[in-house]
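Numbering (UniProt numbering), first residue to last: 1 to 554.
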């Protein structure tokens, strides 16, 4: 009898009936009740939830008891699913999704469970959430969470299952390069290179990342060496300008020199662009030769070819300071310098209109003198012939800059002296309309110069005023053999009275045509001195007199 009563009391049905009308919680609900009571209105931390739920899940049946617990304590639903995401408990997520929420995890307000799972590397959780339709428009925060935790396998999952633009941004590269997550950076960098299609954007971001890597790299560190080698190798085919920019602008760029070689062509224009000022260009060039090992070798072939290349570029940009520094290097022989200058003589043509005396003198100093044609072009420049005339006259009002004054000093000396230059300008005055005011004074100055040298050079010459400022009539006659019969310079009439001309209608009316001289023999001035680098006092009298025909002035 007693035994049957014990069996009735211990039966499950009776126990359930008794418990239903008793105060308190069942044993498996006590933990949830305690957690809910301690937290009040605040959400419990993950540590507290894990401390309570981990042994509970090990002790009780999840599929049957967990839905009851979440129904009794609905405020704990969020912390429980977040715990499941962080701990990789797919079974808990499945129970919550199927039995506790009307629309499942996809409609849960705190359903962003991918980030905790990504940060802990739980790919299974991400796969389950994707399976039930818990999709996100952007996964970049998951990428950051996974990269922060060094979860490369999660990044591989994102790469394989989601569009590149949905989970990647360049800022992630910069962030983890700063934090020295080198393996994560390497994976992201390689993935970025394989997917980036905008080459302009890629080049700009590559330079930014390389600058950061160079600034933070630790010498002799294998991880950093691998990163620098990867970046330089990937940039070489399409972004060598970016490498050059970092090499020239980052003072720590010596850490990347080991991954460069002489095949990297560094144009002089890149150095000039970085220097910004001419004073700094030479400093940048010298630093480059000190930094790169193949440019440090004395008489090295790569160094010699680089010097020749830079010399050609410096000539094309008329960068004389760099030209002078380059030819001082013993790797460039005198023959090599002469060959470069001889091949690039066309650059002298640009020195004429710009009066670039330094460039011309540089050529002369290395055995390549300016040609007769270019010298004539220099003295015949119409736009500045009036300045040359004033300079020849020594006009005190002609305030020329030092560069132009030096240019005329050199030009007149090369032409054969002041007298020869005056004669050439007078001869070609009909082509220079700007000499209208200075022509009489120039003729008079020329006569004075000739008078000084008449003991050496006997000239019989009549000069016509091509602008009707001077009049002279020259008639035919018989040339005299005796010097005493030659007309002296004083016998040339210099009537200052101007020939009547028609009134100009406008200030731009061309002057009247110049009357031709009537001569028995047409005489022409020599187009240029036959011998340069001599003064007019040393002129060969016989050679000059032989070029003139006698004229009879009446």
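Ideal Cβ positions, reconstructed from N, Cα and C, are used throughout, including at glycine.
All values reported here derive from a predicted model rather than from experimental measurement.
Less than 9 Å divides the Cβ of residue 35 from the Cβ of residue 52. The C-beta distance from residue 418 to residue 447 rounds to 13 Å, too long to meet the 8 Å contact threshold. In the structure shown, residue 217 adopts coil according to DSSP, grouped into three states.
If you check the CB distance, residue 105 and residue 81 come in under 9 Å. Within the stretch 262 to 330, the complete alpha helix (DSSP H) segments at least 4 residues long are 268 to 275, 278 to 291, 301 to 316 and 320 to 327, listed from N- to C-terminus.
At least 9 Å separates the beta-carbon of residue 260 from that of residue 234. Shown here, residue 119 sits in a helix according to DSSP, grouped into three states.
Between the stretch 244 to 256 and the stretch 209 to 216, the count of Cβ pairs shorter than 8 Å is three or higher; the stretches touch. Taking 9 Å as the cut-off, the Cβ atoms of residue 114 and residue 96 do not count as close. Judged by pairs of C-beta atoms under 8 Å, the stretch 273 to 282 does not touch the stretch 290 to 301, as fewer than three such pairs exist.
Taking 9 Å as the cut-off, the beta carbon of residue 362 is found closer than this to the beta carbon of residue 320. Rounded to whole angstroms, the separation of the alpha carbons of residue 85 and residue 38 is 23 Å. In this structure, residue 442 lies away from residue 407, with their beta-carbon atoms at least 9 Å apart.
Boundaries of the alpha helix (DSSP H) harbouring residue 62: 62 to 72, taken from the DSSP string. Its chain contains 32, 35, 36 and 70 as the residues whose beta carbon lies nearer than 7 Å to that of residue 76, once the 5 sequence neighbours on both sides are disregarded; these appear in chain order. Residue 383 counts as exposed, since fewer than 16 other beta carbons sit within 10 angstroms of its beta carbon. Contact between residue 83 and residue 62 does not hold, since their C-beta atoms are separated by about 13 Å, which reaches or exceeds 8 Å. The beta carbon of residue 185 sits closer than 6 Å to those of 176 and 177, all from its chain and outside the five residues before and after it, given in chain order. CA-CA distance, residue 168 to residue 159, rounds to 9 Å.
Residue 75 sits in a helix when the DSSP states are folded into three classes.
Under the 10 Å beta carbon count, residue 199 is surrounded by fewer than 16 other beta carbons and is classified as exposed.
Annotation for residue 242: the continuous alpha helix (DSSP H) segment containing it runs 240 to 249. Annotated as proximal: residue 291 and residue 257, with beta-carbon spacing under 9 Å. Counting other Cβ atoms within 10 Å of its Cβ, residue 438 reaches 16 or more and is therefore classed as buried. Between residue 311 and residue 332, the gap from beta carbon to beta carbon is short of 9 Å. Within the model, the alpha-carbon separation for residue 203 versus residue 156 is close to 25 Å.
Here residue 87 is buried: its Cβ has 16 or more other Cβ atoms, across all protein chains shown, within 10 Å. Each of 68, 445, 242 and 371 was checked against the Cα of residue 207, and the nearest Cα belongs to 242. In this chain, the alpha helix (DSSP H) harbouring residue 418 covers 418 to 427. Each of 119, 161 and 164 was checked against the Cα of residue 147, and the nearest Cα belongs to 119. According to the DSSP assignment, residue 445 belongs to the alpha helix (DSSP H) that extends over 439 to 452. Counted as a single uninterrupted DSSP element, the alpha helix (DSSP H) harbouring residue 189 occupies residues 182 to 195. One Cα belongs to residue 215, the other to residue 367, and the distance between them is close to 47 Å. Taking C-beta atoms under 8 Å as the contact rule, residue 191 and residue 166 fail to qualify, at a distance of about 13 Å. Taking C-beta atoms as the reference points, residue 266 and residue 244 count as a pair closer than 9 Å.
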